[in-house]
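Sequence positions in the sequence shown follow numbering that gives the first Met the number 0 and run 0 to 221.
Where is the CB? At the ideal position from N, CA and C, for every residue including glycine.
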Amino acid sequence: MLSQQDLKQQAAEAALTYIEPLLSPEAVIGVGTGSTADLFIDGLARYRTQFRAAVASSERSAQRLAALGIVVLDLNEVHTMPVYVDGADEINERLHMLKGGGGALTREKIVASVAKKFVCIADESKLVQVLGRFPLPIEVLPLAREAVARVARELGGEPVLRAGFTTDNGNQILDVHGLTISDAVALEARLNQVPGVVTNGLFAARPADVALLATQQGIRQL
Ligand code: 5RP
C-alpha cells in the first residue's frame with residue numbers, strides 16, 4: 000500500500016514526464032505551491048539545463064527553485080509559458096479545482112493564466128464529485144474582511160479568518176466552510192465581484208487542462 004507521500008511523488012514524476020517534450024532553451028515553466036509542487040520542483044532540478052527558467056506562484060516556491068539552481072523570473076518578464084504545474088485541494092471530473100490551502104491562490108491563478116496548459120498533480124484523495132468539503136479560501140484586503148465574511152454567510156458558508164497568516168501580497172485569507180459548490184464557475188465569478196476580494200480559490204473559469212492523479216494502481220490521467 001503506497002502512502003500519500005508516495006502517491007504525491009508519483010504524481011510529481013508523472014508531471015515531469017508529461018512536460019519533458021515541452022522543454023526547450025527558451026521555455027519558461029510555471030510552478031505552483033504546496034507539498035506536491037515541492038516534489039515537482041525537486042525533480043525539475045534534474046532538467047534545469049533543458050529550459051530557460053521558471054516563474055513561481057509563491058515566495059516559498061521561488062526560494063526552493065533558486066536553491067536548486069533554477070533561474071526564477073518575475074512574471075512581468077515573461078510573455079508565455081508552455082505549461083503551469085500545480086497541486087490542488089480538490090478537483091472534480093470537469094477539472095474544476097479548489098485551491099489555496101497553502102494561501103498562494105492569487106499568484107497561482109495569475110501565473111496559470113499566462114500558461115498554455117495547466118497540469119494539476121495530486122493524489123487520488125483530491126478527486127471529488129462536488130467541490131466544497133475542503134474550506135474555500137478567499138484572499139481579502141484586510142479592510143474588507145468583515146464585509147466579505149457577511150457575503151460568504153449570505154451564500155450559506157461559514158467564514159473563518161486564517162489566524163496568523165498573511166499572504167505574499169500582504170492580505171488575509173477567509174476559509175469558508177460548509178459550501179456545497181454545485182456551480183463552481185458561477186460561484187467563482189460571484190465571489191470575485193465582491194469589493195475587497197482579491198480572488199477566491201475556485202479555479203473553474205479556467206480549469207486544469209490535464210490532471211495526473213496518482214492512485215494505488217498507477218497514474219490516472221483526466
Ligand atoms: C496552495 C495550493 C496547493 O496546490 C494545494 O493546497 C495542495 O497542496 P498539497 O500539494 O500540499 O496537498 O493551492 O495554495
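Please classify I90: does DSSP put it in a helix, a strand, or coil?
strand
Return yes when the C-beta of L130 is under 8 Å from any heavy atom of the ligand 5RP, and no when it is not.
no
Simplified DSSP state of I137, which is helix, strand or coil
strand
For A143 and A10, which I take to be in contact (beta-carbon distance under 8 Å), what is that distance rounded to the nearest angstrom?
So it is not a contact: roughly 36 Å between Cβ atoms.
Proximity below 9 Å, CB of N91 to CB of V127:
yes
At a cut-off of 8 Å, would you count L173 as near the ligand 5RP, judging by its Cβ distance to the nearest heavy atom?
No, the beta carbon of L173 sits no closer than 8 Å to any heavy atom of the ligand 5RP.
Please report the distance separating the alpha-carbon of E12 from that of G195.
38 Å
Going along the chain, which unbroken runs of the alpha helix (DSSP H) with 4 or more residues stay wholly within the stretch 130 to 209?
144 to 153, 183 to 191
Runs of alpha helix (DSSP H) wholly within the stretch 46 to 79 (minimum 4 residues, chain order)
List check, alpha helix (DSSP H) in window: 58 to 66.
With 9 Å as the threshold, decide whether the Cβ of K108 is near any Cβ in chain B.
The structure shown has no chain B; it contains just one protein chain.
Inter-residue spacing [alpha-carbon to alpha-carbon] between G102 and I172:
7 Å
In three-state terms, what does DSSP make of V127?
coil
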